[in-house]
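Residue numbers (our numbering): 33 to 496.
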RNA sequence: GUGGGUGUAGCUCAGGGGUAGAGCGCCUGACUGUGGCUCAGGAAGUCGCGGGUUCGAUCCCCGUCACCCCCCCCA
């Protein structure tokens, strides 16, 4: 086996069938985002290295760096890097074009990003993100609308079991402060607590112990982050018919949970008020009944400053996430512009949709409606002429290029799912006619060449 | 980065110290202007790579690489 024909690890080739599926999903997401007034944006694959550094926290080791070129290449130094996400490039763009862009500015962006991660199920080194962001407003309307747009897109894609988990960075900070966790230990502690939904309470306690936390400190943290679930009955009622592990909660349940937290963490007051507003507003959107408050949701990126969100379905990691990042743009321009966004992971969505068979059958389309078959080289000219004629009547037409045995040509068309073959032999050419063979019902009929297009269109319509 | 598993034909995989197998796919013909079925034939593999043991290794041993799963992290 000749080695080295596989694409780089964690990166994929997309064969025609793959591209159709991807474009189907991207098309739906775009259409939904456009409905909310988001505008398209694209940025280069690479950014100056300094643009990316210092924005992500300790995930920076996963950035794909690009060596300096030419005579400087030997230094092994990098000056560029492939973009790690779409949010930091957006912040750069907004800082760069402040005068040109409206405020608020709403944009969506669907492009690949690169991470030097170890590939795994639903995890790639090159993958597409579908970002929506609103810049220039601190209103909770922004968060609520983003949740609504994401829920709308998921629903249009056919998902019925997704949940948007919600939390707040400032609330997390207040919670950790209240239990005596030092600010420089916040991130590491949060990363551990974030695993509550995956490894459970025991797993988290073990990991905290391994990180050197005292038994008392762990108790205090768990009491706050993983309290016994008094409302479990309410929740299970609310999620009747849903089989996912993440339970959406009615807005009232979310508000009750937040009220309870306020007593324990008075310093989280403004964050809690903010979350309540978001949840209440989101009730008026497609996110209604999809949102749940999750006090252990942390998210790794360090640029978040306010509300944080994560989109989940059962069986795979998150399908997307986002949050508010009011200070990021200021890192580029000096002028603080508040911002909030949400990112959908296209590949994860595709993995789940493929497993669940969520693509419409019409996606398995053929490359053409008609294939023109000929018997000898002399037929090539007439074949191309009639192909052109058929295209003008709105059909997708390909010409089989070689005068292979006719059976082989028909077999090719059949194998590609092309429903009709236009047979153009000596007899037909002489008579100015063409034989149209319907592969599905094995019938064929000879037409005047000028009438063939209409006949095929009609037959196609009847097939649906 | 950790633990486990797998590397044999284009694909899915079987086998086994003595020059390599199946199914599917592909090509040719039966059928010189008609596909899905059938039949006959054919092409195609330094058995992941390097070393060791052996008269002889694809098989046993050591190393190495790649891929898959778990942990980890994320989209």
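Note that beta-carbon positions come from the ideal geometry of N, C-alpha and C, so glycine has one too.
| Item | Value |
| --- | --- |
| Report, in whole angstroms, the separation of the C-beta atoms of residue 110 and residue 124, which I expect to be a contact under 8 Å. | Actually they are not in contact, since the Cβ atoms of residue 110 and residue 124 sit about 18 Å apart, beyond 8 Å. |
| Classify residue 322: buried if its beta carbon has 16 or more other beta carbons within 10 angstroms, exposed otherwise. | buried |
| Does the distance from the C-beta atom of residue 476 to that of residue 468 stay below 9 Å? | yes |
| How far does the alpha helix (DSSP H) with residue 150 in it extend, from its first residue to its last? | Note, residue 150: premise wrong, no alpha helix (DSSP H); not H, not E. |
| Distance, Cα to Cα, residue 269 vs residue 280? | Here the model assigns residue 269 a pLDDT of 40, short of 50, so the residue's position is not dependable and the matter cannot be decided. |
| By the 10 Å Cβ neighbour count, where 16 or more other Cβ atoms means buried, how is residue 55 classified, buried or exposed? | exposed |
| Pick from 458, 122, 106 and 380: whose alpha carbon is nearest that of residue 84? | 122 |
| Touch check for the region 172-184 and the region 60-75: three-plus C-beta pairs under 8 Å? | yes |
| Using 9 Å as the threshold, is the C-beta distance between residue 315 and residue 172 below it? | no |
| What did DSSP end up calling residue 257 once you bin it into helix, strand or coil? | helix |
| According to the neighbour-count rule (16 or more other Cβ atoms, all chains shown, within 10 Å of its Cβ), is residue 228 buried or exposed? | buried |
| Going by beta-carbon coordinates alone, are residue 146 and residue 155 separated by less than 9 Å? | no |
| In the DSSP assignment, what are the bridge partners of residue 310? | According to DSSP, which records beta bridges pairwise, residue 310 is partnered with nothing at all. |
| Counting Cβ pairs closer than 8 Å, one from the region 74-90 and one from the region 124-143, do we hit at least three? | yes |
| May I ask you to list the residues that DSSP assigns as paired with residue 492? | The partner list for residue 492 (beta bridge, DSSP) is empty, contrary to what the question assumes. |
| Starting from residue 235, follow the alpha helix (DSSP H) in both directions and report where the run begins and ends. | 228-242 |
| Leaving out the 5 sequence neighbours to the left and right, which residues in its chain are closer than 8 Å to residue 438 when beta-carbon positions are compared? | 405, 407 and 455 |
| Could you check which residue in 196, 396, 244 and 92 has the C-alpha nearest to that of residue 449? | 396 |
| Identify the residues that DSSP records as bridge partners of residue 299: which are they? | Answer is none; residue 299 lacks a bridge partner. |
| Less than 7 Å between C-beta atoms, sequence neighbours within five positions excluded: which residues of the same chain meet that for residue 283? | 311, 312 and 315 |
| Between residue 61 and the rest of its own chain, which residues show a CB-CB distance below 6 Å, the 5 nearest in sequence each way excluded? | 162 and 185 |
| Is the number of C-beta pairs between the region 247-258 and the region 330-337 that are closer than 8 Å three or more? | no |
| If you drop the 5 nearest sequence neighbours on each side, which residues of the same chain put their C-beta closer than 6 Å to that of residue 491? | none |
| Counting along the chain, where does the alpha helix (DSSP H) carrying residue 461 start and finish? | 458-463 |
| So for residue 432, helix, strand or coil by DSSP? | coil |
| Between which two residues does the beta strand (DSSP E) holding residue 353 run? | 352-356 |
| In terms of residues, what are the limits of the beta strand (DSSP E) holding residue 475? | 475-480 |
| Got a sec, what are the start and stop residues for the beta strand (DSSP E) residue 37 sits in? | That residue, residue 37, is in no beta strand (DSSP E); it is neither H nor E in DSSP. |
| Could you tell me which residues DSSP pairs with residue 402 in its beta bridges? | 429 and 452 |
| What residue from 126, 352, 238 and 375 has the CA that sits closest to residue 364's CA? | 126 |
| Compute the beta-carbon to beta-carbon distance between residue 374 and residue 352, rounded to the nearest angstrom, for a pair I have assumed lies under 8 Å. | 6 Å |
| I need the DSSP call for residue 166, collapsed to helix, strand or coil. | strand |
| Would you identify the three-state DSSP class for residue 345, choosing helix, strand or coil? | coil |
| Taking all protein chains shown into account, do 16 or more other C-beta atoms lie within 10 angstroms of the C-beta of residue 350, making it buried, or fewer, making it exposed? | buried |
| Looking at the unbroken alpha helix (DSSP H) that takes in residue 177, where does it start and where does it end? | 172-189 |
| Spell out a yes or no on whether the region 366-384 and the region 233-246 are touching, meaning 3 or more CB-CB pairs, one atom from each, closer than 8 Å. | no |
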